[in-house]
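K.L.:
Sequence order for the protein chains is A and B.
Number 105 in my numbering belongs to position 89 of the first sequence; there are no gaps in the numbering.
Number 310 in my numbering belongs to position 294 of the second sequence; there are no gaps in the numbering.
The structure's right below; bear with me while I get my questions together.
Number of protein chains: 2
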Amino acid sequence: MATTLKIGLFGFGCVGQGLYHVLNNSKGFKADIVKIAVKNKSKERPLEKSLFTFDKYEILDNPEINVIVELIDDADEAFNIVSYALSKGKHVVTANKKMVASHLKELYDLQHKYNVSLLYEASSCGSIPIIRTLEEYFDNEQVAKITGIFNGTTNYILTKTISEKLSYEDALKQAQEKGFAESDPTNDVEGFDAKYKAIIIALHSFGVFSKPEEVLNIGITALSNYDINYASEKGYKIKLIPTIKKLDNDQISIFVLPKFVDKNNHLFSVDNEFNGVIVDGEFSGEQFLKGKGAGGHPTGAAVLSDISALSYGYKYEYKKHEQHNYLEFTNDVFVKIYFRYNTEIDLQKLNFAEITERYSGGEYNYVVGYVSLQNLIDNRPYLLKNKLFVAIVGDEITNKKADILKLNKTASEKA
Amino acid sequence: MATTLKIGLFGFGCVGQGLYHVLNNSKGFKADIVKIAVKNKSKERPLEKSLFTFDKYEILDNPEINVIVELIDDADEAFNIVSYALSKGKHVVTANKKMVASHLKELYDLQHKYNVSLLYEASSCGSIPIIRTLEEYFDNEQVAKITGIFNGTTNYILTKTISEKLSYEDALKQAQEKGFAESDPTNDVEGFDAKYKAIIIALHSFGVFSKPEEVLNIGITALSNYDINYASEKGYKIKLIPTIKKLDNDQISIFVLPKFVDKNNHLFSVDNEFNGVIVDGEFSGEQFLKGKGAGGHPTGAAVLSDISALSYGYKYEYKKHEQHNYLEFTNDVFVKIYFRYNTEIDLQKLNFAEITERYSGGEYNYVVGYVSLQNLIDNRPYLLKNKLFVAIVGDEITNKKADILKLNKTASEKA
């Protein structure tokens with residue numbers, strides 16, 4: 017490809033401006049932003065007017081432009097832009113996790129059909145180079161499991177509930193005041209954002225295409241002071257943790273759930289707006305990466321790194337997909353959870369395979385036990401509506417019912 | 017280059033056997049180990065005899081072999097092998113940090129002269145892909161500072177002194193019994209190993225060639241129970257920390273010293289044999305990477321990753337050297353240290369520019385203050401001989417004497 021990059025930029029918000037700043041301050045790297053497409057016609061902008069356009073085709077159909085950098089919020093419109101650009105032979109860099117996760121297979125196919133490169137490091141975990149690390153460093157090593165903190169907003173909120181004993185509601189309010197959470201925080205606090213990232217990372221670590229609608233995400237909206245006290249008393253922190261795990265029988269499980277994390281977990285020390293990823297490699301052991309999860313400059317830096325990679329012809333090779341395309345996505349697994357509930361009906365709903373701890377008090381009740389992920393999926397609306405809090409306990413995930421009794425036995429022997 | 021890699025392996029110790037195991041268990045990747053050169057003729061080996069040779073030229077002059085993997089201990093012999101191999105047009109993967117750090121400029125030149133690739137990810141921080149991350153992800157971002165825990169042996173010892181209140185001597189003994197430390201631990205405990213890695217990382221992060229003999233390394237051999245108690249009381253952990261920092265005037269400082277680390281530092285949570293690296297990027301903020309620092313499998317995995325990279329023609333580009341070749345290495349800086357000493361003569365030796373804390377007791381004395389790095393270098397033999405312990409306090413490094421008064425003033429205002 018051309019060594020001089022002529023960039024058409026979509027979106028000039030926080031990240032776009034961050035990128036512009038980073039590009040202009042980066043030594044030894046030449047790439048021109050030829051045109052910037054924006055939506056709002058009345059907004060004042062810090063650069064000369066001729067640089068902007070309100071017509072996307074002025075960029076997409078400009079043969080001089082060979083790279084599209086897509087940084088808009090609207091996932092549907094982003095997909096229109098990106099798929100059109102790829103079909104025109106332009107390379108694309110995007111930070112849009114929802115768009116990428118929702119169209120992963122189509123985007124994979126488009127790259128091969130038109131022999132172009134689509135890079136999206138900034139879509140996952142801000143400044144942490146997780147996709148590049150998986151593509152380049154774990155390309156020939158078997159990954160056993162990936163967990164992490166992929167969403168800075170919820171991590172900021174959860175940190176405040178433990179460190180400053182704030183309620184979930186107060187912590188959310190503080191996050192909104194500080195600009196860490198949006199006025200409608202659904203995408204973050206219900207775990208959608210973390211799920212999109214998990215879906216993208218699952219492709220690069222295990223070669224599996226999964227769809228947002230089949231992957232469970234339960235967020236932190238049901239978190240009560242009872243749960244915060246329970247975690248604090250046991251020395252846990254509460255984190256929202258996506259898990260991607262290969263099971264014994266060539267199946268793979270992906271889900272996003274709150275988790276009680278103890279101090280032996282690398283993620284225990286990932287607080288506030290930071291993100292962290294643990295890659296459990298079969299030979300290299302646990303690799304832990306931590307960095308700023310969001311913000312104009314970290315995301316801008318990730319986008320810049322992708323642009324730089326394009327300048328030497330870099331493409332994702334999706335080697336894991338070639339190697340592991342026999343892996344099958346499943347929700348037919350059991351996980352060990354803490355479940356805080358109100359009535360016996362709540363408890364019956366989840367149909368626990370095994371209960372190992374049970375507490376009933378005047379103010380609240382909880383059990384700890386093994387439940388099928390599919391049961392959680394089926395009851396997700398009920399749990400959200402009734403604000404019943406669920407959190408993973410320990411690291412046990414199995415797809416064999418027989419294992420539960422064994423796991424349980426080992427746990428009681430340890431105790 | 018040829019897509020089929022025909023490998024000549026030098027050394028079949030812990031890492032070599034780990035690599036052999038990893039290569040044989042890696043799906044979707046084909047590389048043959050054609051021949052293995054070993055030294056000891058009488059040792060029993062787990063593979064068929066015809067695979068081994070005792071004559072290095074049987075590998076080096078074999079035109080079928082296009083990749084040399086060098087995993088021997090002897091740094092001088094390793095350099096002979098590697099430089100010969102490069103001059104014969106063979107690509108080389110090595111894990112030998114002493115050899116790479118001691119011959120960095122020559123190896124850089126040889127790669128260019130013979131248009132071959134030399135990769136050495138396994139030389140630095142075991143399984144953490146730090147060189148690749150710097151080369152590929154920070155290639156166009158300014159790095160401000162790199163610190164870390166680069167040596168697992170000393171970190172294991174230091175962890176035990178704090179967590180189990182072991183003396184330095186007992187912790188060293190335990191590390192030797194568990195195989196984490198060698199019978200002659202000098203290379204680790206005096207900070208040479210960490211220094212070699214810092215020199216390699218400094219080239220890839222700042223483009224600077226530095227020499228082992230000009231970079232200060234003071235290790236942990238002088239650590240006493242007084243120092244351990246001092247750190248424990250203040251809630252610090254003691255870590256052996258290499259620092260690579262760009263100063264305001266286009267100079268760069270590199271040194272290895274023990275440091276008192278507080279709980280806000282990412283490295284606080286890096287214990288036992290783990291390594292950690294903090295890359296302070298100007299835009300991406302602090303990136304933190306953590307992983308197993310040593311062992312046959314983690315190092316084997318890093319070597320494998322380099323072999324895999326060779327299969328698609330990967331080379332280090334050393335972009336930072338092209339961008340920053342105006343940066344000048346200096347030891348003319350001031351650092352803030354804790355210094356535990358016996359006599360007034362000890363104190364006078366270091367000629368502190370400013371002392372901010374002073375304690376004299378019946379059993380031991382210490383000061384905290386600003387000292388010139390050059391003074392530490394000049395007095396290194398005296399400090400080692402008299403077992404006087406030095407540790408960095410805080411993050412202040414400056415090359416201006418005037419800054420010390422300012423830093424000191426800010427510190428006292430905070431207190």
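Where is the CB? At the ideal position from N, CA and C, for every residue including glycine.
With DSSP as the reference, identify every bridge partner of Asn-41 (chain A), one or two as the case may be.
P.N.:
Its beta-bridge partners do not exist; DSSP assigns none.
K.L.:
Taking only three categories from DSSP, how would you classify Tyr-375 (chain B)?
P.N.:
In the structure shown, Tyr-375 (chain B) sits in a strand (DSSP, three-state: E or B).
K.L.:
Can you tell me whether Ile-75 (chain A) is helix, strand or coil according to DSSP?
P.N.:
Of the three classes helix, strand and coil, the one that applies to Ile-75 (chain A) here is helix, per DSSP.
K.L.:
At the 8 angstroms Cβ level, is Thr-175 (chain A) part of the contact set with chain B, yes or no?
P.N.:
Answer no: the Cβ-Cβ gap between Thr-175 (chain A) and chain B never drops below 8 angstroms.
K.L.:
Near Ile-173 (chain B), what residues of its chain come up, given a Cβ to Cβ distance below 6 angstroms and the 5 sequence neighbours on each side ignored?
P.N.:
Here the set comprises Ala-187, Leu-188 and Ala-191.
K.L.:
Looking at Gly-207 (chain B): is its Cβ nearer than 8 angstroms to the Cβ of Asn-245 (chain B)?
P.N.:
Not in contact: Gly-207 (chain B) and Asn-245 (chain B) (Cβ atoms no closer than 8 angstroms).
K.L.:
Nearest-angstrom Cα distance between Asn-241 (chain A) and Tyr-380 (chain A)?
P.N.:
Near 11 angstroms, if we compare the C-alpha coordinates of Tyr-380 (chain A) and Asn-241 (chain A).
K.L.:
Under the three-state reduction of DSSP, which class applies to Asn-241 (chain A): helix, strand or coil?
P.N.:
Three-state result, Asn-241 (chain A): helix.
K.L.:
With DSSP as the reference, label His-128 (chain B) as helix, strand or coil.
P.N.:
Of the three classes helix, strand and coil, the one that applies to His-128 (chain B) here is helix, per DSSP.
K.L.:
Identify which residue in A:Glu-198, A:Ile-260 and A:Gln-303 has its Cα closest to the Cα of Asn-347 (chain A).
P.N.:
Closest by alpha carbon: A:Ile-260.
K.L.:
Excluding sequence positions up to five away, which residues of its chain have a Cβ less than 6 angstroms from the Cβ of Ala-310 (chain B)?
P.N.:
Within the same chain, Ala-310 (chain B) has close Cβ partners Gly-142 and Gly-168.
K.L.:
Go ahead and label Ile-296 (chain B) buried or exposed: buried means 16 or more other beta carbons lie within 10 angstroms of its beta carbon, across all protein chains shown.
P.N.:
According to the sequence displayed, residue 296 (chain B) carries Asp and not Ile. Buried, because 16 or more other Cβ atoms sit within 10 Å of the Cβ of Asp-296 (chain B).
K.L.:
Run through chain A and tell me which residues come within less than 9 angstroms of Gln-33 (chain B), C-beta to C-beta.
P.N.:
Ordered by position in chain A, no residue passes the 9 angstroms Cβ test against Gln-33 (chain B), which lies about 12 angstroms from the chain.
K.L.:
If we ignore side chains and look at the alpha-carbon of each, how far apart do Val-387 (chain B) and Lys-352 (chain B) end up?
P.N.:
Cα to Cα, the separation comes out at about 6 angstroms.
K.L.:
What number of angstroms, rounded off, separates the C-alpha of Ala-317 (chain B) from the C-alpha of Gly-410 (chain A)?
P.N.:
Going from the Cα of Ala-317 (chain B) to the Cα of Gly-410 (chain A) covers about 28 angstroms.
K.L.:
Taking 8 angstroms as the threshold, find out whether the segment 123 to 140 of chain B comes into contact with the segment 315 to 333 of chain B through three or more Cβ pairs.
P.N.:
With the cut-off at 8 angstroms, the segment 123 to 140 of chain B and the segment 315 to 333 of chain B touch.
K.L.:
In its own chain, which residues sit with a C-beta less than 6 angstroms from the C-beta of Met-115 (chain B), not counting the 5 before and 5 after it?
P.N.:
Answer for Met-115 (chain B): Ala-91, Ala-94 and Phe-95, listed in chain order.
K.L.:
What did DSSP end up calling Pro-201 (chain A) once you bin it into helix, strand or coil?
P.N.:
In the structure shown, Pro-201 (chain A) sits in coil (DSSP, three-state: anything other than H, G, I, E or B).
K.L.:
Should the segment 144 to 154 of chain B be called in touch with the segment 298 to 307 of chain B, which here means at least 3 C-beta pairs below 8 angstroms?
P.N.:
The answer is yes - the segment 298 to 307 of chain B touches the segment 144 to 154 of chain B, with three or more Cβ pairs under 8 angstroms.
K.L.:
Taking the alpha-carbon of Lys-161 (chain B) as reference, which of B:Thr-170, B:Gln-127 and B:Ile-294 has the nearest alpha-carbon?
P.N.:
The residue with the shortest Cα to Cα distance from Lys-161 (chain B) is B:Ile-294.
K.L.:
Classify Ser-66 (chain A) as buried or exposed, calling it buried when 16 or more other Cβ atoms lie within 10 Å of its own Cβ.
P.N.:
It counts as exposed.
K.L.:
Look at the alpha carbon of Ala-431 (chain A) and the alpha carbon of Ala-238 (chain B), and state the distance between them as a whole number of angstroms.
P.N.:
Low confidence applies here, because Ala-431 (chain A) scores a pLDDT of 47, under 50, leaving its location unreliable; read the following figure in that light. About 41 angstroms.
K.L.:
Check the Cβ-Cβ distances between Leu-120 (chain A) and every residue of chain B, and say whether any is below 8 angstroms.
P.N.:
Not one chain B Cβ lies under 8 angstroms of Leu-120 (chain A).
K.L.:
Go ahead and label His-128 (chain B) buried or exposed: buried means 16 or more other beta carbons lie within 10 angstroms of its beta carbon, across all protein chains shown.
P.N.:
So His-128 (chain B) counts as exposed.
K.L.:
Tell me which residues of the segment 142 to 155 of chain A have at least one Cβ-Cβ distance to chain B shorter than 9 angstroms, keeping chain order.
P.N.:
Answer set for the segment 142 to 155 of chain A: Gly-142, Ser-143, Ile-144, Pro-145, Arg-148, Thr-149, Glu-152, Tyr-153, Phe-154 and Asp-155.
K.L.:
Arg-396 (chain A) by DSSP, collapsed to three states: which one?
P.N.:
The answer is helix: DSSP assigns Arg-396 (chain A) an H, G or I state.
K.L.:
Restricting to runs no shorter than 3 residues, where is the beta strand (DSSP E) found entirely within the segment 299 to 357 of chain A?
P.N.:
Segments of the beta strand (DSSP E) lying fully in the segment 299 to 357 of chain A: 301 to 308 and 350 to 357.
K.L.:
Mind checking whether Gln-267 (chain A) and Asn-415 (chain A) have CB atoms under 8 angstroms apart?
P.N.:
For Gln-267 (chain A) and Asn-415 (chain A), yes; Cβs fall inside 8 angstroms.
K.L.:
Which class does Ser-66 (chain A) belong to by DSSP, given the choice of helix, strand or coil?
P.N.:
Ser-66 (chain A) falls in the helix class under three-state DSSP.
K.L.:
Using a C-beta to C-beta distance shorter than 8 angstroms, which residues of chain B count as neighbours of Leu-320 (chain A)?
P.N.:
Here the neighbours are Asn-156, Glu-157 and Phe-299.
K.L.:
What residues from chain B crowd round Pro-314 (chain A), counting only those whose CB sits closer than 8 angstroms?
P.N.:
The contacting residues are Phe-299, Ser-300 and Gly-301.
K.L.:
In whole angstroms, what is the alpha-carbon distance linking Lys-181 (chain B) and Pro-201 (chain B)?
P.N.:
Using only the alpha carbons, I get a separation of about 21 angstroms.
K.L.:
From the DSSP secondary-structure annotation, give me the bridge partner or partners of Asn-233 (chain A).
P.N.:
A:Val-272.
K.L.:
How would you list, in chain order, the residues of chain A whose beta-carbon sits under 7 angstroms from the beta-carbon of Ala-317 (chain B)?
P.N.:
Neighbours of Ala-317 (chain B) on chain A, chain order: Glu-157, Gly-297, Phe-299 and Ser-300.
K.L.:
Within 8 angstroms, do at least three Cβ pairs link the segment 215 to 228 of chain B to the segment 99 to 119 of chain B?
P.N.:
Judged by Cβ distances under 8 angstroms, the segment 99 to 119 of chain B makes contact with the segment 215 to 228 of chain B, as three or more pairs qualify.
K.L.:
Counting only beta-carbon atoms, is Met-17 (chain B) nearer than 8 angstroms to chain A?
P.N.:
Confidence is the limiting factor: at Met-17 (chain B) the pLDDT is only 42, short of 50, which leaves the residue's position unreliable, though a coordinate-based value still follows. For Met-17 (chain B), the answer is no, since every Cβ of chain A falls outside 8 angstroms of its Cβ.
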